[in-house]
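Residue 0 is where the sequence shown starts when you use my numbering, and the numbers rise one by one after that. All C-beta atoms in this analysis are idealised placements derived from N, C-alpha and C, irrespective of residue type, glycine included. To start, the structure itself, in structure tokens.
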Amino acid sequence: MTHFLKVADAIEDRDPKIKVWVKQVREAAYDTADALDMYMLRLRYHHSATFCTFVCKVSFFIKTLKARHQIASEVKGIKSRIINISVGNQRYSDMYGKIEQGSSSTYSVLPWYDCRGDALLLQEADLVGIDKPKSHLIQWLVDDDPHLKVLFVAGAGGLGKTTLTKKVYDDATVKRHFQNHAWITVSESFKVEELLKDMIRVLFEHVSQPVPQGVDSMDANSLKGIINAFLQQKRYVLVFDDVWHIDAWQVLRIVLPECNHGSRVILTTRNVDLASLASEEYHGMVYKLKPLTPKESWALFCSKTFKENSCPSYLEDLSKKILAKCEGLPLAIVAISGLLSTKEKSADEWERIYHGLGAEIEGNDKLMIMKKILSLSYFDLPWYLKLCFLYLSIFPGDCLIDHWRLIRLWVAEGFVEVKEGMTREEVAESYLNELINKSLVHVTKFRQDQRSKAYQIHDLWREMIITKSREQNIVTIASERGRAWPEKLRRLSVHHNLEDIQESICFTRLRSLLVFSAIDSVSILSKLASLGEGVRLLTVLDFSGAQLETFPHEVVNLLNLTYLSLRATNVKMTPKSIGKLKKLETLDLKETNVTELPDEILKLKHLRHLLLYRYNIDDQIYFPFHCVIGFKAPAGIESLLYLQKLCAIDASVSIVLREVEKLTQLRRLFIVRLQKEDGTMLCSSLEKLNNLRSLSIAAIEEDKIIDLDSLSLPPRLLRNLFLGGRLEKIPHWIPSLHNLKRLRLRWSKLKDLDPLQSLQDLPNLLSLELSAAYEGDGLFFKAGGFQKLKQLWLVRLVGLKWVRVESNSMPLLEELYLRDCKLMMELPSGVEHLANLKYLEFSDMSVTFVSNLNRDLQGGDYWKIAHDPKV
Numbered sequence: 000m001t002h003f004l005k006v007a008d009a010i011e012d013r014d015p016k017i018k019v020w021v022k023q024v025r026e027a028a029y030d031t032a033d034a035l036d037m038y039m040l041r042l043r044y045h046h047s048a049t050f051c052t053f054v055c056k057v058s059f060f061i062k063t064l065k066a067r068h069q070i071a072s073e074v075k076g077i078k079s080r081i082i083n084i085s086v087g088n089q090r091y092s093d094m095y096g097k098i099e100q101g102s103s104s105t106y107s108v109l110p111w112y113d114c115r116g117d118a119l120l121l122q123e124a125d126l127v128g129i130d131k132p133k134s135h136l137i138q139w140l141v142d143d144d145p146h147l148k149v150l151f152v153a154g155a156g157g158l159g160k161t162t163l164t165k166k167v168y169d170d171a172t173v174k175r176h177f178q179n180h181a182w183i184t185v186s187e188s189f190k191v192e193e194l195l196k197d198m199i200r201v202l203f204e205h206v207s208q209p210v211p212q213g214v215d216s217m218d219a220n221s222l223k224g225i226i227n228a229f230l231q232q233k234r235y236v237l238v239f240d241d242v243w244h245i246d247a248w249q250v251l252r253i254v255l256p257e258c259n260h261g262s263r264v265i266l267t268t269r270n271v272d273l274a275s276l277a278s279e280e281y282h283g284m285v286y287k288l289k290p291l292t293p294k295e296s297w298a299l300f301c302s303k304t305f306k307e308n309s310c311p312s313y314l315e316d317l318s319k320k321i322l323a324k325c326e327g328l329p330l331a332i333v334a335i336s337g338l339l340s341t342k343e344k345s346a347d348e349w350e351r352i353y354h355g356l357g358a359e360i361e362g363n364d365k366l367m368i369m370k371k372i373l374s375l376s377y378f379d380l381p382w383y384l385k386l387c388f389l390y391l392s393i394f395p396g397d398c399l400i401d402h403w404r405l406i407r408l409w410v411a412e413g414f415v416e417v418k419e420g421m422t423r424e425e426v427a428e429s430y431l432n433e434l435i436n437k438s439l440v441h442v443t444k445f446r447q448d449q450r451s452k453a454y455q456i457h458d459l460w461r462e463m464i465i466t467k468s469r470e471q472n473i474v475t476i477a478s479e480r481g482r483a484w485p486e487k488l489r490r491l492s493v494h495h496n497l498e499d500i501q502e503s504i505c506f507t508r509l510r511s512l513l514v515f516s517a518i519d520s521v522s523i524l525s526k527l528a529s530l531g532e533g534v535r536l537l538t539v540l541d542f543s544g545a546q547l548e549t550f551p552h553e554v555v556n557l558l559n560l561t562y563l564s565l566r567a568t569n570v571k572m573t574p575k576s577i578g579k580l581k582k583l584e585t586l587d588l589k590e591t592n593v594t595e596l597p598d599e600i601l602k603l604k605h606l607r608h609l610l611l612y613r614y615n616i617d618d619q620i621y622f623p624f625h626c627v628i629g630f631k632a633p634a635g636i637e638s639l640l641y642l643q644k645l646c647a648i649d650a651s652v653s654i655v656l657r658e659v660e661k662l663t664q665l666r667r668l669f670i671v672r673l674q675k676e677d678g679t680m681l682c683s684s685l686e687k688l689n690n691l692r693s694l695s696i697a698a699i700e701e702d703k704i705i706d707l708d709s710l711s712l713p714p715r716l717l718r719n720l721f722l723g724g725r726l727e728k729i730p731h732w733i734p735s736l737h738n739l740k741r742l743r744l745r746w747s748k749l750k751d752l753d754p755l756q757s758l759q760d761l762p763n764l765l766s767l768e769l770s771a772a773y774e775g776d777g778l779f780f781k782a783g784g785f786q787k788l789k790q791l792w793l794v795r796l797v798g799l800k801w802v803r804v805e806s807n808s809m810p811l812l813e814e815l816y817l818r819d820c821k822l823m824m825e826l827p828s829g830v831e832h833l834a835n836l837k838y839l840e841f842s843d844m845s846v847t848f849v850s851n852l853n854r855d856l857q858g859g860d861y862w863k864i865a866h867d868p869k870v
């Protein structure tokens, strides 16, 4: 049945009869998998007896008789259903053969290529057609009118409203003109308090100030007061992206002070009526976005489809026919280009794609045309990517999808195939890269090592995958009022609460429960508990951010769980009964108050990701030494042989460091409170961890030395290295880490030698932080050094007086941070050589240093950074 579904998936949407049939087979396959898992659960539950005697065997047989009978009856029922499905569709095998034959041209696994440029859907769409509107809007924003003015960028989905606005917002002229900047995403289902809290966080983060205490518990009026007071004396530019309703604007306009400083507000909206109405209240302007012209459309299409090459003459007519369907919509053009760029450049193949767009498209409804084009890109996906893509509907529309959370969920759900030489997580990452490169998933955040951190999908994609996911009973969203609920829920996503769920809904096949911003998490758990055996097949339980004070006792009876997340809850203790969850692969207790795990955790032999640490940070700029609180692991952790991530072990229990050497599958290791005398033992273990990619080590106290000199064979695949604590010298093995992309040294207090000498030749280093890491008076960045570096932090270097940058040093540097280096009197010499610099930040520097940056000061330093976009 599974193989049949993989093949039939390619053409089920072409014929309504096949679609109905495939749905019947899919439900039968679901029920078969459920019956098998329930069989394993029920018999495993009774399997504690020792079958050493005839009496024990008989006893076990009698105890499980009822369970065996129930499962036998269920299997017979499924067999009967399959026969009926086959007969009803006139010879199952013949039809199956036709489907297999008919899908041979479309059912294929397309190769993926790691080209991140193709991933940035909206960023790519801005390459043509926005120069004039961008220039016009910038001029309007920075004019001399002192009144508060509001700009509305309006138009249908897919026209590029957000893209244009982001380019205007990021422009150097705009950055320099306004003192404060903030970008707030509103979305259709906004909540007033959460929107205001987001505004406060963004505003205070921009000026590197801590968020006022008690914000999380304040009511809407108090939050409005904080924002209004913050903006009173400043010239600000605020962007509110994706405003759907007049109610949202009514909330926002109240907090905006009219203080005659020339402040500006930009709103993007699909609601042109809202824009016209609201603009009349202020000195506003409505900019209605228009589709691309035929010339602009052709330029965008060719650049995305053929990359650096021009369109072959034999494909030109077909290309223009396909392009005409896009009606000048950038999103649709990028979507169809992403599809065509992976296809064979033959007239036959493109003719097939053109006719696949459907002659049934009637009228000029641009949204329907775009959905057709988007759907074509979806149907072209191999079956395994369709399932992964539809699963994204489980996240709320305004939710940033964390990279590793998504990877672990896909693995836990069983979506990822096993491939030789790769972990399931690595296979899942390749799936994600395929979706990115096909412009179906949009990267919104990057890590400091330039890897993807978080994602979103376009609203139009989200609408489509919610519909498809509902049809196939992949995900049910609890907050979708008025929707018909499936007979058997399989995956439930709760965006607010469970009050909408009908009492008659069947939970007996529920496999996954994810809760987002639940108002009353306890009631959800109580409802689960009341179902008793009904939720025994639950595989994924994600209560991240829920209002929980204690570990839910109901959870330990969910013996099928492979994924459990209580991240960012107030849970303080993990019960011994957690040892019952023997299938568990991910245990995420990050940002909870748990500091110790019971010995029973060692029974979880399949554990792959153990995340348990929290940050104790009040100041977002300067992290205290003990900013990370880890957990005390029980002796015997070496038995968890499948662990890939272990964060963060309290190394005050020395025996654990010796055991780590057995965990050869580790990709990430985080150790806190390391003692100097344990350094040799740790080095011995690290030499055996050949798969390690990320290593973080913190000493037991700020003035205690980290002794890592005995490490002779460092993990060769290491990409991230964080060391917190005193170093007598730079470890001799760091310069040999040719894969290292990110290096952070904090509280190292190096005295004699310039640390840059041994680091400058690291060939792939992208990010370097020296925080209280060096006590000398100067740093010299030599020509030819740090050729890949993009980010540099120099923080709390108490003796630092000068920094010199030679030409052709750090040629790719984009971000430079100087914080609390109070003996520095002037900018780094040679900073003007850094042609790619986009962002400079100076915090807590000397008065003389700041004075020298006055743009009106003759002979000052301002000329060195006048060309930089944001300072």
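Report the rounded CA-to-CA distance for residue i versus residue j, giving the unit in angstroms.
i: L826; j: N308; result: 44 angstroms
i: I600; j: L560; result: 14 angstroms
i: W409; j: C387; result: 7 angstroms
i: F151; j: K165; result: 13 angstroms
i: Y390; j: P211; result: 37 angstroms
i: S102; j: A7; result: With a pLDDT of only 46 at S102, under the threshold of 50, the placement of this residue in the model should not be trusted; the figure read from the coordinates follows. Approximately 7 angstroms between the Cα atoms of the pair.
i: S429; j: S275; result: 45 angstroms
i: T585; j: I435; result: 25 angstroms
i: I253; j: S221; result: 12 angstroms
i: S104; j: L833; result: Per-residue confidence for S104 stands at a pLDDT of 39, beneath the threshold of 50, marking its modelled position as unreliable; the derived number appears in the next sentence. For S104 and L833, the distance between alpha carbons rounds to 52 angstroms.
i: L778; j: L799; result: 8 angstroms
i: D677; j: V655; result: 11 angstroms
i: A247; j: Q231; result: 21 angstroms
So, residue i versus residue j, is the Cβ gap smaller than 8 angstroms?
i: L761; j: P734; result: yes
i: W801; j: D776; result: yes
i: V250; j: V191; result: yes
i: S340; j: K385; result: no
i: A153; j: L255; result: no
i: M844; j: L536; result: no
i: L716; j: R743; result: no
i: S438; j: A298; result: no
i: L791; j: L765; result: no
i: R490; j: V474; result: yes
i: T538; j: S511; result: yes
Are there 16 or more other CB atoms within 10 angstroms of the CB of residue i, so buried, or fewer, so exposed?
i: I696; result: buried
i: Q759; result: buried
i: G159; result: buried
i: W862; result: exposed
i: R718; result: buried
i: L35; result: exposed
i: G724; result: buried
i: L338; result: buried
i: E412; result: buried
Could you check if residue i belongs to the surroundings of the ligand NAP, using beta carbon to heavy atom distance under 7 angstroms?
i: C258; result: In terms of ligand content, the structure shown is empty, and the ligand NAP therefore cannot be addressed.
Assuming residue i and residue j are in contact, meaning their beta carbons sit under 8 angstroms apart, how far apart are those beta carbons, in whole angstroms?
i: H608; j: Q643; result: 6 angstroms
i: T591; j: I628; result: That belief does not hold up - the Cβ atoms of T591 and I628 are roughly 10 angstroms apart, past 8 angstroms.
i: F177; j: L202; result: Between L202 and F177 the Cβ distance is about 12 angstroms, and since that is not below 8 angstroms, they are no contact.
Inset, instruction - Would you be able to state if there are at least three C-beta pairs under 8 angstroms between the region 314-324 and the region 343-354? - result: Using a Cβ-Cβ distance cut-off of 8 angstroms, the region 343-354 and the region 314-324 are in contact, since at least three pairs of beta carbons, one from each stretch, lie closer than that value.
Legend entry - Three or more C-beta pairs below 8 angstroms linking the region 833-851 and the region 799-817: yes
Legend entry - Given 8 angstroms, three or more beta-carbon pairs between the region 159-168 and the region 196-211: no
Legend entry - Stretch-stretch touch, CB-based, cutoff 8 angstroms, three pairs: the region 396-409 with the region 442-452: yes
Legend entry - Cβ pair count under 8 angstroms reaching 3, the region 547-560 against the region 575-585: yes
Inset, instruction - Tell me, please, whether the region 175-186 touches the region 215-226 by the rule of three or more beta-carbon pairs shorter than 8 angstroms. - result: no
Inset, instruction - Would you check if there are 3 or more beta carbon pairs closer than 8 angstroms linking the region 666-686 to the region 645-655? - result: yes
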